[in-house]
Structures are given as structure tokens and as C-alpha cells.
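Listed below in C-alpha cells is the structure:
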């Protein structure tokens, strides 16, 4: 049995807590948040030991692994401290806010015998794994073009978290905070590295005065000359279901993936949890490819991580995948500033 502690009790932290109780071989034993009310609520809900200081949780000898589900600006220090405390680590994306942090975590995790996984649930969705198998079996030939979109409501996220989540300095902005999902998915699905990117964005100013991207698009070259195009929007109205789709076009065929809309349509006068923490009344598409208690990507990722700990396997996506997804987004941001095609610089091996 792997005893788990969850650090950070926002909406995603509670998703991880809930799913940890459903994963075979996993026992949720500790929770942590700086907000004492969240800690008290989680203690009662999950029957787990509560902490307000994550360092005290890391000193708990009854905790084998921690899930880091805090705001992004705290990822680096908590992951570093957790690895040094001898804990296995599941870290929510993005891995880090700076190249220096990413490189340091590469070194720390690489020198440790502890297991580390970055949370990219798109890899673990059933549709994604089916597509990956088909591509590897040669069903569509050589990949020529990949197009993906990720569209949702920033209003809902800001109500849950605050504006910091899309502030470049605190949460990494729309590009780092959210597009790492897409870049990692392209790398994993195609088994090709992204070599250069060109991007455009629509920006606005937050009440704090910082710059926030609410829409952006990027085109990219992959190894071997393949190309990719992604677009993201946070401008959907409140109560909108997430729209996340991918098209993979090869020399012998294509695959179309609609992760959030093509599986179940629901209409409820009572309201259902369409996206985590977002009750929607009326017609909507429920997010269960990522966050479902049954076979969602996050649950499948947790199951895989626990299995890696039990069987002494090396988890993927690992620290290098987390760092490379960040490095692509930093090239995107550089392209926005230079208005040119920018090379993606990977600092890992």
C-alpha cells in the first residue's frame, strides 16, 4: 500500500484526493493547505491527517508519496523539498516557471531514486491511448500535420483561483499554464520533438496591471519536417463546456479526437459537474475523459504512478517531459516578443 499526501486543496487538489481514494494500492493519509478551513474540511471529508505547512507533511514518516497541486509558483520548492525528504512525487503542470528551476529539478530528480511524474492526463485518456497505438501500428502512415485546440472559460478559473492563474509571473499565463498539455501531447503522440515555433496572441491587462493572454495560436515545425498548429482560447462564456480536439493527418490516413464533447451529452435542470467545480444547468458535455471517477485520464495516471512505485518502474511523463513542455512555451513567448520564428532550446539530454 502506498500512503499518499496531497499538498494543495483547491478544486484540482480535491479531484486528486477523491480519486486517490478510488485507486487500488493507494491510501490517502494526509492533506495540506495554507487555508485552515480547507484543511479542516478535507480532514473530515477524506479522514486524513491535516497540515497547514507542507514541510510538516514531508516530515510525516507515514507518507510515501506526495501530490503537489499548489499554484505553479510553488511547484519548484515543494518538489525539491519532497524529493530531498525521500518522497515520491506527482506534480501538477507546469513543472516550473523558469529555465533555472526546470534545470535544477532535472538534476534533483535525476540524482534521486524517488519516482516522479508530471500530470499530463491527456496521455492517459482512453481515446488518446487508442490513437497512440494506431499511429505506432502504422494505421495512418507517416505523420505530416497535427492540429489541436483547447478552448474553455477563463472566467470560471478566475472565480475558483483568482487572476493569478493567468498572470505570467505567478501562474505562467495561458501559454505556460495550459498549453503545456498540448505541446506534451504532440511530442508524445508523434514521438517527434518540436524544433521551432511562431506565435500570435491577443492580450489584455489584469486588474493588477500584468499582461494576460486570453487567446493565442502557434504553428510549429517538428523533427523531419512535420508541422503542427495549435490554438487556445480562454474566452468562452461562463458555464461553457471545454472544447479540446486534435486532428492527426498522415500519409495514409487521419485520426480525429474529440476528448470533451463526442462521448456524452447531458441536459439537467438540477445541474451537473460539467468541469471540476463548475455546475452547469441545461445542455452540456461532461468532462469525463480527464476527470472521471470511472476511467478518466487523471485516475488512470494515478493508477499508473502507484503501480510504478510498487513495481519499481520509471514513470512517464517524467521530469524531462515536464521541462521540455515548458521550454516549448518559453519559445512561444519569445516568438510573441520577437514576432519571428523561434528555435526551441532544450537544455536536457
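Numbering (our numbering), first residue to last: -2 to 346.
Note that CB positions come from ideal geometry on N, CA and C, so glycine has one too.
Query                                                                                                                                                             : Result
Is the shortest distance between the beta-carbon of residue 98 and the beta-carbons of chain D less than 9 Å?                                                     : No chain D appears in this structure, which consists of one protein chain only.
Give the DSSP-derived three-state secondary structure of residue 52 in the structure shown.                                                                       : helix
Is residue 252 near residue 137, with beta carbons less than 9 Å apart?                                                                                           : yes
So, at 6 Å on beta carbons, what are the nonlocal neighbours of residue 64 in its own chain, with the 5 sequence-adjacent residues on each side left out?         : 3, 13 and 87
Give a yes or no on contact between the segment 173 to 186 and the segment 91 to 99, applying the rule of three or more CB pairs nearer than 8 Å.                 : yes
So, helix, strand or coil for residue 163, using DSSP?                                                                                                            : helix
For a minimum of 3 consecutive residues, which ranges assigned as the beta strand (DSSP E) are wholly contained in the segment 50 to 117?                         : 62 to 65, 85 to 89 and 113 to 116
Please report the straight-line C-alpha distance between residue 254 and residue 201, rounded to a whole angstrom.                                                : 31 Å
Could you give the distance in angstroms between the alpha-carbon of residue 321 and the alpha-carbon of residue 295?                                             : 21 Å
Since residue 10 is in the alpha helix (DSSP H), which residue starts that stretch and which ends it?                                                             : 8 to 17
Using a threshold of 9 Å, state whether the C-beta atoms of residue 297 and residue 122 are closer than that.                                                     : yes
Looking at the structure shown, is residue 305 part of a helix, part of a strand, or coil, going by DSSP?                                                         : helix
Just to confirm before moving on: does the CB-CB distance between residue 163 and residue 209 stay below 9 Å?                                                     : yes
I believe residue 317 touches residue 345 by the beta-carbon criterion, under 8 Å. Please report the beta-carbon distance rounded to the nearest angstrom.        : 5 Å
Secondary structure at residue 270, three-state DSSP: helix, strand or coil?                                                                                      : strand
Can you tell me which residues form a DSSP beta bridge with residue 144?                                                                                          : 226 and 244
My output table needs one value for residue 23: the three-state DSSP class, helix, strand or coil.                                                                : strand
Tell me the residue span of the beta strand (DSSP E) that contains residue 181.                                                                                   : Counting along the chain, residue 181 falls outside any beta strand (DSSP E), though it belongs to the alpha helix (DSSP H) covering 170 to 187.
When you compare the CB positions of residue 17 and residue 59, do they come within less than 9 Å of one another, or not?                                         : no
Short of 6 Å in beta carbon distance, which residues of its chain neighbour residue 85, apart from the five on each side in sequence? Order them along the chain. : 62, 111, 112 and 306
In whole angstroms, what is the alpha-carbon distance linking residue 265 and residue 288?                                                                        : 19 Å
Mapping DSSP to helix, strand and coil, what is residue 218?                                                                                                      : strand
Mind checking residue 81: buried by the 16 CB within 10 Å criterion, or exposed?                                                                                  : exposed
Applying the 10 Å Cβ sphere with the 16-neighbour rule, what's the burial state of residue 284?                                                                   : buried
Note down the Cα distance separating residue 279 from residue 171, rounded to an integer number of angstroms.                                                     : 28 Å
Restricting to Cα atoms, I'd like to know which of 222, 291 and 199 is closest to residue 192.                                                                    : 222
Using three-state DSSP, classify residue 347 as helix, strand or coil.                                                                                            : The structure shown has nothing for residue 347, since the chain only spans -2 to 346.
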